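Mapping to the working numbering: the sequence shown position 148 is 180, numbers consecutive.
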Amino acid sequence: MHLFWQECKMNLKMLLIWAFCVGGLSFGCLCLYDSVADSVGQMSDVFADMGAFSEALGMDKMGIGTLEGYYAVEICILISLGGAMFAAMLGAGILAKEEEGHTCEFLNALPLGRGRIIGEKYAAMFALLAAFHGICVACSLAGFVWMGSMPDVGHFVGYHGAVFLMCLEMGTVCFLLSALQSRKPLGLSIGIAVLFYLLDLFGRVIPALRKLKVLNPFSYSNGADIFSEGKAPAGAWAVGAAVTILALGLAVWVYRRRDLV
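Here it is, written out as structure tokens:
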């Protein structure tokens, strides 16, 4: 597992920067709630009646007048989008960097098959994503403890489980892109993450796009949906898992047959 640990070590700095930025902002926003609670409580009903804007952000389902509602509507957006961008960057660089940095000749000269190389790199990506979400969960819980109020355990666990699957799906799709290219597709990967987030917003307010929501990884990791309804759409979960498995399978198939330069 030397390659696994090497990947974890090489990506440790990026992990810590992203995790403590996203987790730290979550903690800070929770701690600031007391200072804005009165004004937020007064605006909660107004925001809930703002039509398309309310539907896009989930304010029609969850009011921001409570700490849990504030977390579900405001802070969960930060965690979901930040997590998706981190996963996209991680997946996009983990394979293609070997060709871009001209280290694939050395790597493939080692007594390691391509199947093992891609397996250990994917395991490292999985572990880094798990560590990222572990830090974010810890920061969020610390914020709730600081405020002296805890969210519903089932909703909290369900949301963070859904976000982890969403980030794993996003990371795996970008892992496939990394297997297809000889240079790190960072711009494309981040663009895909942001595009899916915007499509989820549009799909909540544009009737013609609502049927496509099941294909969007952000549809089953929306904080307002999970905290208000108690669960994510089962169909979207199934599609997300299927896309993850398919993308990983294609990445293995492509990487084992490519001519590496």
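Beta carbons are placed, not taken as given, at the ideal position from N, Cα and C, and that holds for glycine.
Remember, predicted model here, so these are calculated numbers, not experimental data.
The beta carbon of Gly-147 lies closer than 8 angstroms to those of Val-284, Arg-288 in the same chain, with the five residues before and after it left out. Around the CB of Val-54, 16 or more other CB atoms lie within 10 Å, so the residue is classed as buried. Ranked by Cα distance from Ser-172, the options Leu-280, Leu-44, Gly-145, Tyr-65 are led by Tyr-65.
Under the Cβ criterion (8 angstroms, minimum of three pairs), the stretch 151 to 160 does not count as touching the stretch 220 to 235. Cβ neighbours of Phe-228 within its own chain (closer than 8 angstroms, five residues either side excluded): Ala-116, Met-202, Asn-248, Pro-249, Phe-250. In this structure Ile-277 is exposed. Its beta-carbon is surrounded by fewer than 16 other beta-carbon atoms within 10 angstroms.
Taking each of Leu-209, Asn-254, Thr-204, Lys-216 in turn and checking the Cα distance to Leu-230, the smallest one comes out for Asn-254. Assignment of Gly-180 by DSSP, reduced to helix, strand and coil, places it in the coil class. The Cβ neighbour count for Met-33, taken over all protein chains shown within 10 Å, is under 16; the residue is labelled exposed.
Segment contact: the stretch 119 to 126 against the stretch 269 to 276, fewer than three CB-CB distances shorter than 8 angstroms; contact not assigned. For Glu-39, the enclosing alpha helix (DSSP H) begins and ends at 34 to 42. Per DSSP, the continuous alpha helix (DSSP H) segment holding Phe-118 begins and ends at 108 to 125. In the structure shown, Gly-147 adopts helical secondary structure according to DSSP, grouped into three states. Sequence-distant Cβ neighbours of Leu-280 in its own chain, meaning closer than 6 angstroms and more than five residues away, are Thr-204.
Within the model, the alpha-carbon separation for Trp-269 versus Tyr-191 is close to 12 angstroms. Rounded to the nearest angstrom, the gap between the Cα atoms of Trp-178 and Phe-52 is 17 angstroms. Closest by C-alpha distance to Ala-159, out of Val-286, Cys-108, Glu-39, is Glu-39. Within the same chain, Met-121, Ala-124, Gly-125 come within 7 angstroms of Leu-218 by CB-CB distance, once the 5 residues on both sides are set aside. Put simply, the backbone Cα of Ile-107 is about 6 angstroms away from that of Ser-58. Around the beta carbon of His-134, fewer than 16 other beta carbons sit within 10 angstroms, so the residue counts as exposed.
By the neighbour-count criterion, in which a residue is buried when 16 or more other Cβ atoms sit within 10 angstroms of its Cβ, Ala-211 is buried.
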